[in-house]
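Numbering (our numbering), first residue to last: 3 to 310.
No residue lacks a Cβ here, since even glycine has one placed at the ideal position from N, Cα and C.
These notes concern the structure reproduced below.
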């Protein structure tokens, strides 16, 4: 018996499966990752006359919702951890700021360390880091599940349909800080609701002696991370228009919806930002460049080359 089993197992070991190349399924093509608010940012790039552009650094915009997503095989954060990168992309779309890197300077610092240790094949150019006027900080502060859900089903004699809906929301808080005085010159708090729905239809009944069962349905959900990117882009738009006084393009498409709870804003954020700039100049500090300020060319060293 043992000899027979050994013979069978030996024959199985000699059989090797053959694998051919599997043609992968190719879905839709790569597209630009835009939101309904991307056009608002692009419209700022078409504004003429704003030449003395501010230098902005983006700091950590962290996830402070504390929400985790669990499945049978993985555990991860419920919302994206790349909000800072989203904000950098949003500001770049406007072409109305000079971005200077502060988020991840590990490679430049490593290059400098290699140079100091004389490990470079040749001497690099001397560092000429562009100083920033403002830094943008903040956090994702809200992720509220199931703030509204509902549904309805109607079946008569085994034939009917149903509908279910659900709404969640995400919230973002951003602040812009004058890098020279550490004054917070502008703050914005935004939220967006993310919706989803499910529809179904079915039939379950006898036709003569035959039981017929048929179900059909569809689920459509607004991507949660698209909702995050949307509030980030609207926040970037407000930083430049309300915070730094960049002219608002004509049209109503980019105006912030007041939402359910409307508060009268008597703070006049544009005047506050202008006052902060004026106080810096009055105290003898170097003028902080804003898109509407006619500052000397030396206010932003190497700004034109950075833009290119």
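Taking the CB atoms as reference points, tell me whether residue i and residue j lie closer together than 8 Å.
i: residue 92; j: residue 43; result: yes
i: residue 120; j: residue 55; result: no
i: residue 78; j: residue 62; result: no
i: residue 89; j: residue 57; result: no
i: residue 169; j: residue 150; result: yes
i: residue 37; j: residue 232; result: yes
i: residue 245; j: residue 188; result: yes
i: residue 80; j: residue 67; result: yes
i: residue 82; j: residue 193; result: no
i: residue 110; j: residue 117; result: no
i: residue 105; j: residue 60; result: yes
i: residue 69; j: residue 145; result: yes
i: residue 215; j: residue 196; result: no
Which term fits residue i, buried or exposed, when burial requires 16 or more other beta carbons within 10 angstroms of its beta carbon?
i: residue 21; result: exposed
i: residue 33; result: exposed
i: residue 229; result: buried
i: residue 178; result: buried
i: residue 76; result: exposed
i: residue 153; result: exposed
i: residue 51; result: exposed
i: residue 242; result: buried
i: residue 180; result: buried
i: residue 24; result: exposed
i: residue 213; result: exposed
i: residue 258; result: exposed
i: residue 29; result: exposed
i: residue 219; result: exposed
i: residue 140; result: buried
i: residue 210; result: exposed
Which of the three DSSP states, helix, strand or coil, is assigned to residue i?
i: residue 304; result: Any reading at residue 304 needs caution, since the residue's pLDDT is 39, under 50, leaving its predicted position unreliable; the model's value is listed next. Residue 304 falls in the coil class under three-state DSSP.
i: residue 67; result: coil
i: residue 83; result: coil
i: residue 39; result: coil
i: residue 220; result: strand
i: residue 108; result: helix
i: residue 166; result: strand
i: residue 297; result: Residue placement at residue 297 is poorly supported in this model, since its pLDDT is 37, which falls under 50; the coordinates still yield a value, given next. Reduced to three states, the DSSP call for residue 297 is coil.
i: residue 89; result: helix
i: residue 236; result: helix
i: residue 241; result: helix
i: residue 228; result: helix
i: residue 134; result: coil
i: residue 197; result: strand
i: residue 44; result: helix
i: residue 94; result: helix
i: residue 25; result: coil
i: residue 55; result: coil
i: residue 117; result: helix
i: residue 100; result: strand
i: residue 182; result: coil
i: residue 257; result: coil
i: residue 33; result: coil
i: residue 215; result: strand
i: residue 50; result: coil
i: residue 123; result: coil
i: residue 129; result: coil
i: residue 189; result: strand
i: residue 143; result: strand
i: residue 174; result: strand
i: residue 204; result: strand
So, under 8 Å CB-CB, residue i and residue j are touching, yes? Tell me the CB distance rounded to an integer number of Å.
i: residue 47; j: residue 96; result: 6 Å
i: residue 251; j: residue 45; result: 4 Å
Quiz prompt | Three-pair Cβ contact test at 8 Å for the stretch 170-190 versus the stretch 237-256 | solution = The stretch 170-190, when compared against the stretch 237-256, does touch it at the 8 Å Cβ threshold.
Quiz item: Are the stretch 163-172 and the stretch 123-141 touching, with three or more C-beta to C-beta distances below 8 Å?
Solution: No: fewer than three Cβ pairs fall under 8 Å.
Quiz prompt | At least 3 beta-carbon pairs within less than 8 Å: the stretch 197-216 vs the stretch 152-161 | solution = In short, these stretches touch, since the Cβ pair count reaches three.
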